[in-house]
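Asker: Counting in full-length UniProt numbering, the sequence shown tops out at residue 152, every number present. Even for Gly, the Cβ is constructed at its ideal location relative to N, Cα and C. Sharing a structure here in structure tokens format.
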Amino acid sequence: MPTDLVRVTPEHTGFPAAATLFDDYRAHYGHPSDPSATAGWLARQITAYGLTLTVALRNGRPAGLITTLVLPASLRLGQACSVRDLFVDPAQRRNGVARALMEHAIAEARTTGALRISLQTEPGNAAAQALYAELGFRPVPDLDSLTRTLRS
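This is how it looks when you write it as structure tokens:
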């Protein structure tokens, strides 16, 4: 079954379905479903902050999504790409959707001249980690990820 990849903006006819899948993604990770707030947030991130949303379609329906963001690579005076979100509808998993989305993100990063593409994932997500390793992603040596909560 072929997978079509489509870049979606708030003006795109597929945006409502993509926002619904993004809301499913949030719910999958334990956040309360809020389709209206999710669609508004996603639209703002795309229009104001440059988030890119790509949706994988199977039979015309969203099967998965990936969001990416271009960031400065200051020391090299270039840019890097960050994969922020990757989600595949549980009914569509193990069908190559995640791989197609990741390969697309890598190709897009190359096209824009990015020096690297990075992502974060949970330590226990073995299936995702295996895919990322197959695609050439490696842990960053001597780098700790730190965060500070500003609001709860």
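Would you kindly report the start and end of the unbroken beta strand (DSSP E) that includes residue 4?
Answerer: Taken as a continuous stretch (DSSP letters only), the beta strand (DSSP E) holding residue 4 covers 4-8.
Asker: Give me the Cα-Cα distance between residue 142 and residue 106, rounded to the nearest whole angstrom.
Answerer: Residue 142 and residue 106: Cα-Cα distance of roughly 24 Å.
Asker: Taking the alpha carbon of residue 33 as the point to measure from, which residue in 42, 44 and 20 has its own alpha carbon closest?
Answerer: Nearest of 42, 44 and 20 to residue 33, Cα basis: 20.
Asker: Can you say whether residue 60 is buried or exposed, counting buried as having 16 or more other CB atoms within 10 angstroms of its CB?
Answerer: Exposed: under 16 other Cβ atoms inside 10 Å.
Asker: Which residue from 8, 80 and 10 puts its Cα closest to that of residue 115?
Answerer: Taking only the C-alpha atoms, the option nearest residue 115 is 80.
Asker: Is residue 137 helix, strand or coil when you go by DSSP?
Answerer: It is coil, neither helix nor strand.
Asker: Quickly, what does DSSP pair residue 86 with across the bridge? List them, please.
Answerer: DSSP, once it has assigned bridges, lists 66 as partnering residue 86.
Asker: Excluding the five sequence neighbours on either side, which residues of its own chain have a C-beta within less than 8 Å of the C-beta of residue 9, listed in chain order?
Answerer: Hits under 8 Å: 15, 46, 47 and 53.
Asker: Could you compute how far the alpha carbon of residue 102 sits from the alpha carbon of residue 151?
Answerer: Distance between the alpha carbons of residue 102 and residue 151 is about 31 Å.
Asker: Tell me the DSSP secondary structure of residue 150 in three-state form.
Answerer: Looking at residue 150 - three-state DSSP - the assignment turns out to be coil, as it is neither helix nor strand.
Asker: Nearest by alpha-carbon distance to residue 87: which of 76, 57 and 73 is it?
Answerer: Ranking the options by Cα distance to residue 87, first place goes to 57.
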